[in-house]
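Engineer: Counting from 1, position 498 in the sequence shown corresponds to residue 644 in the numbering used here; the numbering is continuous, with no gaps. Virtual Cβ for every residue (Gly too), placed ideally from N, Cα, C.
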Amino acid sequence: MENFLLSLMVNGREYSLAVPVEATLLHVLREQLHLTGTKNGCGKGYCGACTVIMGGKAIKACRTLALKASGQEVVTIEGLGTNGQLDPLQEAFIEHSAVQCGYCTPGMIMAAKALLDAQPHPSEEQIRKALAGNLCRCTGYQRIVRAIQEAAETMTGHRPRSTTVELKTSTLVGASILRSDAKDKVTGRAIYAADLFFPNMLYGQALRAQLPHAEIIRIDTSKARAMAGVEAVLTAEDVPGENSFGIIFSDQPVLCRDRVRYMGDAVALVAAISPEVASRACQEIVVEYRELPAVFSAQEALAPDAPQIHAEGNIANRITIDKGDIERGFCMADVVIENTYDTPFAEHAFLEPEAGMAVPDNDGGVTVYVGSQDPFGDRRQVAQALGLSEEKVRIVHTVTGGAFGGKDDISLQIHVALLALKTGRPAKMVFSREESMIVHPKKHPFLMRYKTGATRDGLLTAVEAQIISDKGAYASLSLPTIRNAAVHAIGPYAVPNVRVEAIGVFTNNPPAGAMRGFGVPQVAFAHELQMDALAHKLGIDPLELRLKNALKVGSVTASGEVLQHSVGLTETIRRAAEELKKMPRESGIGVGVACAFKNVGFGHGRDEPAGAEIVLGEDGQLFVHIGASELGQGINTVLQQMVAQELGIALERVQVYSGDTAMAPSCGATTASRQTFIIGNATLLAAQQARMRLLGLAEHKLKVKKEELVFKNGHIVARADPQKSLSVNDVLTVAHEQGLQVLGSSRYYPPPTTPLSPETVRSETAVTYLSYGFATQIAIVRVDQNTGQVQVLAIIAAHDVGKAINPLLVKSQIEGGCTMGVGYALLEEMVIERGITKTLNFNKYRIPTFQMAPKVLPIIVEDEEPHGPFGAKGVGEISTVPTAAAIVNAIYDATGVRITSLPATPQKIRRALLDRQESVEEWGLGVPSSSRPAYPGQGGN
Ligand code: FES
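(1) Does the beta-carbon of Ser269 have 16 or more other beta-carbons within 10 angstroms, so that it is buried, or is it exposed?
(2) Once DSSP output is grouped into helix, strand and coil, what is the label at Leu318?
(3) Which one or two residues does DSSP pair with Met155 in a beta bridge?
(4) In whole angstroms, what separates the C-alpha of Glu776 from that of Thr607?
(5) Would you tell me roughly how many angstroms separate the C-alpha atoms of Gly734 and Asp946, rounded to the nearest one?
(6) Look at the alpha carbon of Val633 and the alpha carbon of Ile337, and state the distance between them as a whole number of angstroms.
(7) Could you tell me which residues DSSP pairs with Lys203 in its beta bridges?
(8) Should Lys331 be labelled buried (16 or more other beta-carbon atoms within 10 Å of its own) or exposed?
(9) According to DSSP, which residues form a beta bridge with Phe491?
(10) Near Gly963, which residues of its chain fall below 6 Å by C-beta distance, leaving aside the five closest residues on each side in sequence?
(11) Report, in whole angstroms, the separation of the C-beta atoms of Pro688 and Val746, which I expect to be a contact under 8 Å.
(12) DSSP three-state label for Ala340, please.
(13) Does the segment 352-371 come close enough to the segment 402-416 that 3 or more CB-CB pairs lie under 8 Å?
(14) Just the Cα atoms here: how many angstroms apart are Tyr249 and Ala339?
(15) Tell me Asn643's beta-bridge partners as DSSP assigns them.
(16) For the ligand FES, is there any heavy atom lying closer than 8 Å to the beta carbon of Gln246?
(17) Is any heavy atom in the ligand FES found nearer than 8 Å to the beta carbon of Thr816?
(18) So, for Pro638: in the same chain, excluding its five sequence neighbours on each side, which residues have a beta-carbon less than 7 Å away from its beta-carbon?
(19) Please work out which residues of its chain come closer than 8 Å, Cβ to Cβ, to His267, disregarding the five sequence neighbours upstream and downstream, and give them in chain order.
(20) Is Arg274 near the ligand FES, in the sense that its beta carbon is under 8 Å from a heavy atom of that ligand?
(21) My guess is that Thr598 and Gln676 are in contact by the Cβ rule of under 8 Å, so how many angstroms apart are they, rounded?
(22) Using a Cβ-Cβ cut-off of 8 Å (strictly less than) and excluding sequence neighbours within five positions of Leu353, which residues of its own chain qualify?
(23) Three or more C-beta pairs closer than 8 Å, one from the segment 197-215 and one from the segment 229-248: is that the case here?
(24) Helix, strand or coil, according to DSSP, for Glu148 in the structure here?
(25) Over the uninterrupted beta strand (DSSP E) stretch that includes Tyr970, give me the two end residues.
(26) What would DSSP say about Gln178, mapped onto helix, strand or coil?
(27) Roughly how many whole angstroms lie between the Cα atoms of Glu610 and Ala1031?
(28) With DSSP run on the structure shown, which of helix, strand or coil describes Lys588?
(29) Taking a contact to mean a Cβ-Cβ separation below 9 Å, would you say Val245 touches Val221 in this structure?
(30) How many whole angstroms separate the CB atoms of Leu226 and Lys259, which I take to be in contact at a CB cut-off of 8 Å?
(31) Which residue's Cα is closest to the Cα of Lys648: Gly552, Phe996, Gly1042 and Gln668?
(32) In whole angstroms, give me the CA-to-CA distance for Ile455 and Lys589.
(33) Tell me whether His173 is buried or exposed, calling it buried when 16 or more other Cβ atoms sit within 10 Å of its Cβ.
(34) Looking at the structure shown, is Ser892 part of a helix, part of a strand, or coil, going by DSSP?
(35) In the DSSP assignment, find the alpha helix (DSSP H) that holds Tyr1038 and state where it starts and stops.
(36) Once the 5 residues before and after Gly805 are set aside, which same chain residues still bring their CB inside 6 Å of it?
Okay, here's the thing in structure tokens:
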């Protein structure tokens, strides 16, 4: 490629560089200047992660040719702040918890900087409009807006500079501590996998299938191998170990040998001196296929003569639950509601596409740097494919730009390791947004048939649910997802008679796997619309109906579990209703409610132990090593708080290192809302061990028995004689002098759970999961009855989290989760036509922006979980679970039409409004809006 000489100023420094004429400014910044604070989220200018300031204006560096930057002054995130002090915007982002995974943050701050430079006093509307092209998948935007508003006040002298950044020293569990990684994220110093550069490194690229279902007749790699700059071209023959991977079932080929089953299957791999050469080499590989008959829906796949995707047949999993006597339950009902619902394939849309770097080790092993939800699971699968022992494979979890279940599965870990070992050189792979959309597993689409019976007083007597899911080409995490859906299918209600059948079916679509909620958001959509329809049919307040049937301590779930403790659902309903009463009443507004529960941990009899280690550093720092992954949710900060609290030391003395398989004891994946509970307990045990060690040392020094010593204000003090004391810092120094390194090392075994079985269901002896989170959300919407456009004005979100170790982080999770739920309700659908994904980037797969993100009012309910660390449960997933149902119920309240198919697009709403009469008859409701039951505080409408 032809080069030209580019002269420009970046962050006040002049550069003259030879640059390819087709290169973008983003390429120059990241690949040539290694200014990696500027991120590449989509490569097409849709997400704003690459925003920098050029000539005083915010621009998208991925869409700007480097040629255009000639003679220009460019400012990137690395250029903000002066004399080591953060810019007020950076400070405000930290202080307002406007940062989670941090991948959008540099671009967001640069866009805000350009706005405030041009307009020092922007209104909220102006901020939302100016940043409309910057996407964030984690925060829900409202904290970003607040941060920008506050920075504007600081910059115009209307507010003193923030001191909170320096004041983050409280050690108490339950305090809203600012997250420990925020400073690196607002300055662009956080290193994600794509930001890594090693000397002599190569770039990898996979050739993907060109048909959704085909036999491979021949692969010819000769032309690609002969290309200058190509160092390796690999096919299935080059996989030294088992040519398959998968978290539970190892059914997906590393490189397809004789058959492809979906468009994301990898057929060959290239390593080359640049991404461009690797990409051209892929195009030179010739693959001859014989197309096979394919199936593109669960219904097609279930037909008796359907082509079989796997030798074992097309049914991947079937879960059934039978509790009580379903026929009798419906006989007892005065009212029966029956309907069908469907939800689409949906996409995680984490802002950081998959990336990884592998470095060969001297002993024949390999180290893989990757943002992963399951470093130990990755290690097992990489080792299996490479034919190595697990000790020869090290996975180092890097800073991760969001995951939401989409980084549970292997994406490029095996490929990049294979390339590194075959070439003997470091190898890096970075997915484009399009490749990311095609390859990784999606949220399961569900087709659901529901029948719900209740007495005229509103007591549920029976629920029957049939669920069919297109689970795509490979198993991924379908089994636990479908099982989760079955267990949660009746919602958080006590129902004596239940029948559920849930089936996952193989097709030639992309695999379906884990996504925030693990099958529960789909069933929540159905059971909460059923509850709403029931409430309206019976003329009972929808909140009242839920209160009547809500799970409580002593209630029995669908899977036969008698709930023993920490069931805060009723309280979430009451608190959400109270908040609603405070809202102003407006005509034309719709109000909808939905409740949910969501498991904590894998459960179902699976062992899920975890370990943690607390190591003393030379300068008295404590390093906590854990196998779990910080993905933006804030687990590192939460653990830092727990250890600091337990040892009575300042927060800054504790650093958490997560997800390095060579440094940390193993633990399961960071998924299923489990890590606050599991790794929290493991860390707490390690901290308690460290505490005993320190007491032992103090006993020796103070000549007071350790049983007589207490931790108080950073000191170890004799209970009977407070004069006798030592600071914890001094005790740590003693520990260091004595050569103590590991202060605490734990292995935590959670309470046992039981597999789902007819016996445990019937005998009500099941312990299906470790615990459950509970939630009630109320959505307030305005619907334009002409266009069908919905504006979600607010979401009240009351969540029982057991104990909020860090309320600020809990609220941030709730806000982000609700906003993701808004997308699921109104916008998001992976369009896959005959196995080919059509929604390949953020212009087609639309997620909520600044302009459509609602105001979220998070409410924390604390019904402490006795087995949780300090009483905590999880909140990561449940924040998304009831949102779509609440919004669609609010649309019904506003319009009288019920949308049973997600997303509830303007087209569907408009069509339903036109067919309103027919719709009303079909539902048998016949309830004009004026006579519908009123929501508390709203007075109906
Ligand atoms: Fe914005 Fe993660 S914090 S995308």
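Structural biologist: A quick look at the data gives this:
(1) Taking the first residue of the sequence shown as position 1, residue 269 is located at position 123. Ser269 counts as exposed, since fewer than 16 other C-beta atoms from the protein chains shown sit within 10 angstroms of its C-beta.
(2) As a first step, residue 318 must be located in the sequence shown, where it is residue number 172. It is coil, neither helix nor strand.
(3) Counting from 1 along the sequence shown, the entry for residue 155 is found at position 9. Its beta-bridge partners are Glu160 and Glu219.
(4) Counted from its first residue, the sequence shown places residue 776 at position 630. Counted from its first residue, the sequence shown places residue 607 at position 461. So the two alpha carbons sit approximately 43 Å from each other.
(5) Taking the first residue of the sequence shown as 1, we reach residue 734 at position 588. Taking the first residue of the sequence shown as 1, we reach residue 946 at position 800. Going by the C-alpha atoms only, they are around 31 Å apart.
(6) Locating residue 633 in the sequence shown gives position 487, where the first residue counts as 1. Locating residue 337 in the sequence shown gives position 191, where the first residue counts as 1. Whole-angstrom Cα-Cα distance: 40 Å.
(7) For the purposes of this step, residue 203 is identified with residue 57 of the sequence shown, where counting begins at 1. Beta-bridge pairing links Lys203 to Met200.
(8) Counting from 1 along the sequence shown, the entry for residue 331 is found at position 185. By the neighbour-count rule (16 or more Cβ atoms within 10 Å), Lys331 is buried.
(9) Walking along the sequence shown from the start, residue 491 turns up at place 345. Under the DSSP definition of a beta bridge, Phe491 lacks any partner.
(10) On the sequence shown, position 817 is the one that residue 963 refers to. Cβ neighbours of Gly963 beyond the five flanking positions: Ser1025 and Thr1026.
(11) For the purposes of this step, residue 688 is taken as residue 542 along the sequence shown, with counting starting at 1. For the purposes of this step, residue 746 is taken as residue 600 along the sequence shown, with counting starting at 1. Rounded, the Cβ-Cβ distance is 27 Å, inconsistent with contact.
(12) To locate residue 340, count along the sequence shown from 1; it is residue 194. DSSP places Ala340 in helix when its eight states are reduced to three.
(13) The segment 402-416, when compared against the segment 352-371, does touch it at the 8 Å Cβ threshold.
(14) Sequence index remark: in the sequence shown, residue 249 carries index 103 (1-based). Sequence index remark: in the sequence shown, residue 339 carries index 193 (1-based). Looking at the two C-alpha atoms, the distance is approximately 12 Å.
(15) In the sequence shown, residue 643 corresponds to position 497, counting from 1. Ala608.
(16) Counting from one through the sequence shown, the residue named residue 246 turns up at place 100. The ligand FES has a heavy atom closer than 8 Å to the beta-carbon of Gln246.
(17) The residue given as residue 816 occupies position 670 in the sequence shown. No - the ligand FES has no heavy atom lying nearer than 8 Å to the Cβ of Thr816.
(18) By one-based count along the sequence shown, residue 638 stands at place 492. If we look at Pro638 and ignore the five residues flanking it on each side, its Cβ neighbours are Ala696, Leu697, Leu715, Cys741, Ala742, Phe743 and Phe920.
(19) Position 121 of the sequence shown, counted from the first residue, corresponds to residue 267. So the list reads Ala298 and Thr302, once near-sequence residues are dropped.
(20) Numbered from its first residue, the sequence shown carries residue 274 at position 128. Checking every heavy atom of the ligand FES against the Cβ of Arg274, none is found closer than 8 Å.
(21) In the sequence shown, the residue the question calls residue 598 occupies position 452. In the sequence shown, the residue the question calls residue 676 occupies position 530. That pair is a contact at about 4 Å.
(22) Along the sequence shown, one-based indexing puts residue 353 at 207. Excluding sequence neighbours, Leu353 sits near Ala412, Val413, Ala414, Leu415, Val416, Cys428, Ile431 and Val433.
(23) no
(24) By 1-based counting over the sequence shown, the position of residue 148 is 2. Reduced to three states, the DSSP call for Glu148 is coil.
(25) In the sequence shown, residue 970 corresponds to position 824, counting from 1. Going by DSSP, Tyr970 is part of no beta strand (DSSP E) but of the alpha helix (DSSP H) stretching over Pro953 to Leu972.
(26) As a working mapping, residue 178 is identified with position 32 in the sequence shown. Gln178: helix per DSSP, three-state reduction.
(27) Here residue 610 refers to the residue found at position 464 when the sequence shown is read from its first residue. Here residue 1031 refers to the residue found at position 885 when the sequence shown is read from its first residue. Going by the C-alpha atoms only, they are around 19 Å apart.
(28) In the sequence shown, residue 588 corresponds to position 442, counting from 1. In this structure, Lys588 counts as strand in the three-state DSSP scheme.
(29) Position 99 of the sequence shown, counting from 1, holds the residue named residue 245. Position 75 of the sequence shown, counting from 1, holds the residue named residue 221. For Val245 and Val221, no; Cβs fall outside 9 Å.
(30) As a working note, residue 226 is residue 80 in the sequence shown. As a working note, residue 259 is residue 113 in the sequence shown. The pair is a contact, with the Cβ atoms about 7 Å apart (cut-off 8 Å).
(31) Here residue 648 is taken as the residue at index 502 of the sequence shown, counted from 1. The sequence shown places Ala at residue 648, rather than the Lys named in the question. The candidate whose alpha carbon is nearest that of Ala648 is Gln668.
(32) By one-based count along the sequence shown, residue 455 stands at place 309. By one-based count along the sequence shown, residue 589 stands at place 443. Whole-angstrom Cα-Cα distance: 20 Å.
(33) Looking up residue 173 in the sequence shown gives position 27. It is buried - the Cβ of His173 has at least 16 other Cβ atoms within 10 Å.
(34) As a first step, residue 892 must be located in the sequence shown, where it is residue number 746. In the three-state reduction of the DSSP assignment, Ser892 falls in the strand class.
(35) On the sequence shown, position 892 is the one that residue 1038 refers to. Run containing Tyr1038: Thr1029 to Thr1041, per the alpha helix (DSSP H) assignment.
(36) For the purposes of this step, residue 805 is taken as the residue at position 659 of the sequence shown. Closer than 6 Å at Cβ, skipping near neighbours: Pro521, His543 and Ser775.
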